[in-house]
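Here the sequence shown is numbered in the UniProt record's numbering, starting from 1 and rising by one per residue. The next block holds one structure in the form of structure tokens; read it before the comments.
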Amino acid sequence: MGVLYSEPMCQAAYEDDIRRVALLMNADPRNLNVQDDLFGDTPIIAACKRGNVMTVKYLLDQNADVEIRNKKQRTCLHYAARYTFSFLDYLIIVILMPVILIGYLIMMEKRNKNATLMKLILNTNVDINGVDCKGNTGLHYACQRKSDRLIPLLLQKNADPSIRNQVSSSVFFPSKVQYRNPMFVNVHCHQINFLSG
Numbered sequence: 001m002g003v004l005y006s007e008p009m010c011q012a013a014y015e016d017d018i019r020r021v022a023l024l025m026n027a028d029p030r031n032l033n034v035q036d037d038l039f040g041d042t043p044i045i046a047a048c049k050r051g052n053v054m055t056v057k058y059l060l061d062q063n064a065d066v067e068i069r070n071k072k073q074r075t076c077l078h079y080a081a082r083y084t085f086s087f088l089d090y091l092i093i094v095i096l097m098p099v100i101l102i103g104y105l106i107m108m109e110k111r112n113k114n115a116t117l118m119k120l121i122l123n124t125n126v127d128i129n130g131v132d133c134k135g136n137t138g139l140h141y142a143c144q145r146k147s148d149r150l151i152p153l154l155l156q157k158n159a160d161p162s163i164r165n166q167v168s169s170s171v172f173f174p175s176k177v178q179y180r181n182p183m184f185v186n187v188h189c190h191q192i193n194f195l196s197g
């Protein structure tokens, strides 16, 4: 199931159609940060919703504004952290897992793609601790998805795990995730313990 945007630039970014994105950019450079009427998404937010790494890279190379928020007060960072496997991805992985571990390789490739997407976004001036309409940060979403690849990336950029969302939940980490630099964060039983390093 896809999203239908009112802005052709957002639709092209969502569909990972870099050629059409480039054509629309050449036609009108203002398309780079155009916001969709229905959701308020920009092209970079639309691309992050689908995990379209090449489109995100192209938009960042064109200096897309990563601070623009949609109607849910989310930036592209929130969607990079929220991006996860689709139902079709899970189905393919489950079917192919017994067959020479092809499913495992597909899963690892998708996880690497998620980490690459997050690294691209984190190398910009995006607000690492920006909260959305529910009070969630990118770190909240990465932790909800138990993303052992994204959590350390966000912590390295000084994401604040003490920020609470609207239901007063602080960040919960998956078990046995460890991170060092500049402090040691040791996580067990879904609680966070800060120990001086």
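Glycine included, every Cβ here is placed at the ideal spot set by N, Cα and C.
Check, Outcome
"Could you check what DSSP says for Pro161 in three-state terms: helix, strand or coil?", "coil"
"In this structure, does DSSP put Ile18 in helix, strand or coil?", "helix"
"Judging by CA-CA distance, which residue of Ser6, Leu155, Ala80, His140 is the nearest neighbour of Lys120?", "Sequence check: residue 120 is Leu here, not Lys. The shortest Cα separation from Leu120 among Ser6, Leu155, Ala80, His140 belongs to Ala80."
"I want to know whether the stretch 60–71 touches the stretch 31–41 - three or more CB-CB distances under 8 Å.", "yes"
"DSSP on Ala64, reduced to helix/strand/coil?", "coil"
"So what's Thr116 in DSSP terms, helix, strand or just coil?", "helix"
"Report yes if the C-beta distance between Arg20 and Pro8 is below 9 Å; otherwise report no.", "yes"
"Does the stretch 108–117 come close enough to the stretch 154–169 to have 3 or more Cβ pairs within less than 8 Å?", "no"
"Could you tell me the alpha carbon to alpha carbon distance between Asp160 and Asn26, rounded to whole angstroms?", "39 Å"
"Secondary structure at Tyr58, three-state DSSP: helix, strand or coil?", "helix"
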